[in-house]
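Asker: In the numbering used here, the protein residues as written are 1 to 178.
In this text, a Cβ means the ideal position worked out from N, Cα and C, and glycines have one as well.
The structure follows.
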């Protein structure tokens, strides 16, 4: 997925020959996949190309890709980027006697409980929680429900990472790249 990337070409008068516009877009797309903020991909970007210049001898696909990469890096630093994390929709089905344990285990994972329902014997808990908090959850759920609960998980959306956690993640990523 291109993370909702939108490329807008507003070049007029042939400042950049039309055959090099795809090269510019390719350069921007390369930047989006590698990211700039702690090396994570960039999503939700709208890049507008307004002007440029071509040279009869030095213009090439690679030259325009490199120019786009340079322009992206410069603009990215000024754009106040934020760190996002995938939020998952989680549904846990459990015998009703374990509903409290399930709610507790989800709350420990920065979950937001969306709904709970009960039919007397079974309970269903629907929540949204960051994907990063769900690693090892099946083991925790099995332990806290005597193996009687099960859950499903699917992508819901991206959300801002809390500031303190984002700073910690960025610091770790920078250390890992050294």
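Exposed or buried, residue 87, counting other C-beta atoms within 10 Å across all chains shown (16 or more means buried)?
Answerer: Your numbering for residue 87 matches position 87 in the chain shown. Buried, by the Cβ-count rule.
Asker: Leaving out five residues before and five after residue 159 in sequence, what residues of the same chain have Cβ atoms less than 7 Å from its Cβ?
Answerer: Indexing the chain shown from 1 puts residue 159 at position 159. Correct list, in chain order: 84, 85 and 87.
Asker: Would residue 17 and residue 54 be called neighbours here (beta carbons separated by less than 7 Å)?
Answerer: On the chain shown, position 17 is the one that residue 17 refers to. On the chain shown, position 54 is the one that residue 54 refers to. Yes. Within cutoff.
Asker: In three-state DSSP terms, what is residue 152?
Answerer: In the chain shown, counting from the first residue as 1, residue 152 sits at position 152. Residue 152 falls in the strand class under three-state DSSP.
Asker: With DSSP as the reference, label residue 80 as helix, strand or coil.
Answerer: Translated into positions along the chain shown, residue 80 becomes position 80. Coil.
Asker: Would residue 115 pass as a contact of residue 140 if the rule is Cβ separation under 7 Å?
Answerer: Stepping through the chain shown from its first residue, residue 115 is reached at position 115. Stepping through the chain shown from its first residue, residue 140 is reached at position 140. Their beta carbons are not under 7 Å apart, which means residue 115 does not touch residue 140 by this criterion.
Asker: Within its chain, find whatever has a CB closer than 6 Å to the CB of residue 1; leave out the 5 residues flanking it on each side and keep chain order.
Answerer: Along the chain shown, read from residue 1 onward, the residue named residue 1 stands at position 1. In this predicted model, residue 1 has a pLDDT of only 45, less than 50, meaning its place in the structure is not dependable enough to derive any value.
Asker: So is residue 157 in contact with chain D if we call contact Cβ pairs under 7 Å?
Answerer: The structure shown contains no chain D; it is built from a single protein chain.
Asker: Answer yes if the segment 63-78 comes into contact with the segment 98-112, meaning at least three C-beta pairs across the two stretches below 8 Å, and no otherwise.
Answerer: Too few Cβ pairs lie closer than 8 Å, so no.
Asker: Closest to residue 82 by CA distance: which of 167, 97 and 172 is it?
Answerer: Working through the chain shown from its first residue, we reach residue 82 at position 82. Of 167, 97 and 172, the residue nearest in Cα terms is 167.
Asker: Quick one: what's got a C-beta closer than 7 Å to residue 156's C-beta in the same chain, skipping five residues either side?
Answerer: Locating residue 156 in the chain shown gives position 156, counting from the first residue. Same-chain partners within the cutoff: 87, 88, 89 and 128.
Asker: Less than 7 Å separating the beta-carbons of residue 24 and residue 64?
Answerer: Along the chain shown, one-based indexing puts residue 24 at 24. Along the chain shown, one-based indexing puts residue 64 at 64. Their beta carbons are under 7 Å apart, which means residue 24 touches residue 64 by this criterion.
Asker: Give the C-beta separation of residue 8 and residue 33 to the nearest angstrom, bearing in mind that I take them to be a contact with Cβ-Cβ under 8 Å.
Answerer: Here the question's residue 8 lines up with position 8 in the chain shown. Here the question's residue 33 lines up with position 33 in the chain shown. In fact, because the Cβ distance is near 19 Å, the residues do not count as touching under 8 Å.
Asker: In terms of residue numbering, what span does the beta strand (DSSP E) encompassing residue 97 cover?
Answerer: Translated into positions along the chain shown, residue 97 becomes position 97. Residue 97 -> no beta strand (DSSP E), and no H or E assigned at all.
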